[in-house]
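Here my numbering runs 91 ahead of the position in the sequence shown, where the first position is 1.
I have placed the structure first, in the form of structure tokens, so that the comments after it can refer back to it.
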Amino acid sequence: MPKFFVDPAALREGSVLLDGDNAAHIAKTLRMRPGELLTVCDGEATDYTCRILSSSPSLVEAEILSSERCPAEPETEVTLYMALPKSDKLELVVQKAVELGAARICVYRSSRCIPDPDTRAFEKRLQRLRRIAAEAAGQSYRGRIPEVTGLLSFSAMLKDAAASDMPLFFYEHGGTSLKTLLGEKPFRTAAAVVGPEGGFSEEEAEAAKAAGLFTAHLGPRILRCETAAIGTVTMILYHTDSY
92 MPKFFVDPAA
102 LREGSVLLDG
112 DNAAHIAKTL
122 RMRPGELLTV
132 CDGEATDYTC
142 RILSSSPSLV
152 EAEILSSERC
162 PAEPETEVTL
172 YMALPKSDKL
182 ELVVQKAVEL
192 GAARICVYRS
202 SRCIPDPDTR
212 AFEKRLQRLR
222 RIAAEAAGQS
232 YRGRIPEVTG
242 LLSFSAMLKD
252 AAASDMPLFF
262 YEHGGTSLKT
272 LLGEKPFRTA
282 AAVVGPEGGF
292 SEEEAEAAKA
302 AGLFTAHLGP
312 RILRCETAAI
322 GTVTMILYHT
332 DSY
């Protein structure tokens with residue numbers, strides 16, 4: 092059953108209206124007709140099973156049959172902090188992190204980031220990343236569209252990450268195993284800070300420790316930054332029984 096995100100204001104007493112890209116996709120691409128079923132999500136983790144009443148490329152009206160909390164939305168909120176990587180790796184990371192259950196993706200600068208765009212230039216790229224996040228959320232049946240933000244400075248990123256219950260700084264030259272850290276205490280929110288292709292400097296690792304983040308490692312293998320990002324989200328949510 093196809094799933095569509097709508098603004099909560101589109102939900103009326105017993106019915107929902109879908110317009111814009113949603114209506115065009117339903118009527119023209121999927122060629123759905125009155126009587127067929129679809130799922131509508133309010134973006135706040137509530138799913139609505141609906142039956143189409145009328146369908147056109149500009150407006151679709153559907154009757155709400157039932158509602159439930161989205162079963163695909165994790166209870167644990169994981170924010171992925173990703174140092175700006177080269178080429179189109181960031182697009183891949185955003186897509187896969189959303190599919191796996193990340194609540195938020197925040198892009199930041201570190202000393203070894205190879206690309207160095209200004210904030211204004213990155214704003215244009217953010218629009219594309221947010222579209223990718225929205226598409227991935229619908230495809231994976233999420234209950235929310237994860238927020239994609241950036242471009243933060245390293246110090247601003249540390250301050251933001253330190254506010255979580257389980258702030259993790261993944262460093263290839265030391266630290267405690269992720270498995271050990273995750274088992275030390277219960278948590279509802281987690282931050283996963285992943286570095287760029289060149290890794291973190293010693294000064295950055297010390298700054299993270301001073302900010303209150305837990306230095307973690309993913310074992311003896313050195314991973315590509317995009318692999319580490321996808322892997323950390325998966326492992327944290329696996330630990331909290333989200334898989």
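Note that the Cβ used here is the ideal one computed from N, Cα and C, for glycine as well.
Per-residue burial, residue i [other beta carbons within 10 Å of its own, 16 or more giving buried]
{"i": "GLU238", "result": "exposed"}
{"i": "GLY111", "result": "exposed"}
{"i": "THR323", "result": "buried"}
{"i": "ALA254", "result": "exposed"}
{"i": "PRO360", "result": "One cannot answer for residue 360 here, as it falls past the ends of the chain, which runs 92 to 334."}
{"i": "ALA168", "result": "For the record, residue 168 in the displayed sequence is Glu; it is not Ala. Flag for GLU168 reads buried."}
{"i": "ARG195", "result": "buried"}
{"i": "MET257", "result": "buried"}
{"i": "GLU164", "result": "buried"}
{"i": "ALA212", "result": "exposed"}
{"i": "LEU156", "result": "exposed"}
{"i": "ASP207", "result": "exposed"}
{"i": "LEU269", "result": "buried"}
{"i": "GLY274", "result": "exposed"}
Of the residues the options, the one placed nearest residue i, counting alpha carbons only
{"i": "LEU104", "options": "GLY322, ASP112, ALA299, SER158", "result": "Residue identity differs from the one stated: residue 104 is Glu in this sequence, not Leu. Nearest of GLY322, ASP112, ALA299, SER158 to GLU104, Cα basis: SER158."}
{"i": "LEU304", "options": "LYS250, THR318, GLY265, LYS270", "result": "LYS250"}
{"i": "GLU214", "options": "ARG203, TYR199, ALA225, ALA227", "result": "TYR199"}
{"i": "THR240", "options": "ALA254, PRO125, ARG216, THR331", "result": "ARG216"}
{"i": "GLY234", "options": "GLU166, ARG124, SER178, SER292", "result": "GLU166"}
{"i": "ILE223", "options": "ALA319, PRO99, VAL185, HIS330", "result": "VAL185"}
{"i": "LEU243", "options": "THR210, LYS177, VAL189", "result": "THR210"}
{"i": "ILE327", "options": "GLY310, GLU226, THR280", "result": "THR280"}
{"i": "CYS197", "options": "ALA228, THR331, ARG203, ALA252", "result": "ALA252"}
{"i": "LEU183", "options": "SER149, ASP207, ARG221, GLU154", "result": "ARG221"}
{"i": "ALA136", "options": "ALA174, GLY266, PRO99, GLY274", "result": "PRO99"}
{"i": "ALA174", "options": "PRO311, GLY289, ALA302", "result": "GLY289"}
{"i": "TYR329", "options": "ARG315, ALA193, ALA225", "result": "ALA193"}
Same chain only: Cβ atoms within 6 Å of residue i, ignoring 5 sequence neighbours per side
{"i": "GLU127", "result": "ILE143"}
{"i": "VAL151", "result": "LEU109, ALA114, ILE117"}
{"i": "ILE205", "result": "LYS177"}
{"i": "MET248", "result": "TYR172, TYR199"}
{"i": "SER292", "result": "SER202"}
{"i": "ALA227", "result": "GLN186, VAL189, GLU190"}
Distance CB(residue i)-CB(residue j) smaller than 8 Å
{"i": "SER146", "j": "ALA115", "result": "no"}
{"i": "LYS180", "j": "GLU317", "result": "yes"}
{"i": "ALA298", "j": "LEU259", "result": "no"}
{"i": "LEU107", "j": "CYS161", "result": "Looking at the sequence itself, residue 107 is Val, so the reference to Leu does not match. Their beta carbons are not under 8 Å apart, which means VAL107 does not touch CYS161 by this criterion."}
{"i": "VAL97", "j": "ASP133", "result": "yes"}
{"i": "ILE313", "j": "GLU263", "result": "yes"}
{"i": "THR325", "j": "LEU191", "result": "yes"}
{"i": "ILE219", "j": "PRO287", "result": "The identity of residue 219 in the sequence shown is Arg, whereas the question assumes Ile. The answer is no: Cβ separation not under 8 Å."}
Sequence-distant residues of its chain with Cβ nearer than 7 Å to residue i (five each side left out)
{"i": "PHE245", "result": "TYR199, ARG200, SER201, GLU295"}
{"i": "LEU272", "result": "LEU259, PHE305, ALA307"}
{"i": "MET92", "result": "LEU128, LEU129, THR130"}
{"i": "TYR232", "result": "LYS94, ALA163"}
{"i": "GLY266", "result": "THR306, ALA307, HIS308"}
{"i": "PRO148", "result": "ALA114, ALA115, ALA118, LYS119"}
{"i": "ALA319", "result": "PHE261, VAL285, LEU309"}
Close beta carbons around residue i, own chain, < 8 Å, minus the five adjacent residues each side
{"i": "LYS300", "result": "PHE260, THR306"}
{"i": "ARG124", "result": "ILE143, SER146"}
{"i": "LEU102", "result": "VAL131, ASP133, TYR139, ILE155"}
Self-check item: Length at least 4, wholly inside the stretch 102-161: the alpha helix (DSSP H) runs in chain order
Solution: The qualifying runs are 111-115.
Self-check item: Unbroken stretches of the alpha helix (DSSP H), 4 residues or longer, contained in the stretch 226-300
Solution: Entirely contained in the stretch 226-300, the alpha helix (DSSP H) runs reaching 4 residues are, in chain order, 245-252, 269-273.
Quiz item: What are the complete beta strand (DSSP E) segments, minimum 3 residues, inside the stretch 156-228?
Solution: 168-174, 195-199
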